[in-house]
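Notes follow the structure.
Residue numbers (the numbering used here): 70 to 145.
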């Protein structure tokens with residue numbers, strides 16, 4: 070693996086843990102979806118493949134603005 074690929078892998082590995090610190094406007098309040106039945110908090114040690122569109126909080130950030138209102142009405 071060359072230096073650029075190693076640096077990218079290292080950066081994305083660190084992002085897995087750091088992103089949770091930046092996801093919420095108010096980290097103490099947490100997710101606006103936390104009261105939904107079946108909601109599970111996203112933890113730093115969770116696998117990366119449980120994120121993205123597979124988790125409600127990360128999906129909320131990935132959702133295009135034009136679809137945001139529809140997503141928030143029925144996020145599950």
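Backbone N, C-alpha and C define an ideal beta-carbon position, used for all residues, glycine too.
Minimum Cα-Cα distance from residue 143 among the listed residues 125, 100, 130 and 88 corresponds to 125. Pairing residue 122 with residue 115, the inter-Cα distance amounts to about 14 Å.
Taken atom to atom, the span from the alpha-carbon of residue 88 to that of residue 133 is near 19 Å.
Residue 135 sits in a helix when the DSSP states are folded into three classes. Contact between residue 99 and residue 93 is confirmed by a C-beta separation of about 6 Å, below the 8 Å threshold.
Residue 103 sits in coil when the DSSP states are folded into three classes, being neither helix nor strand.
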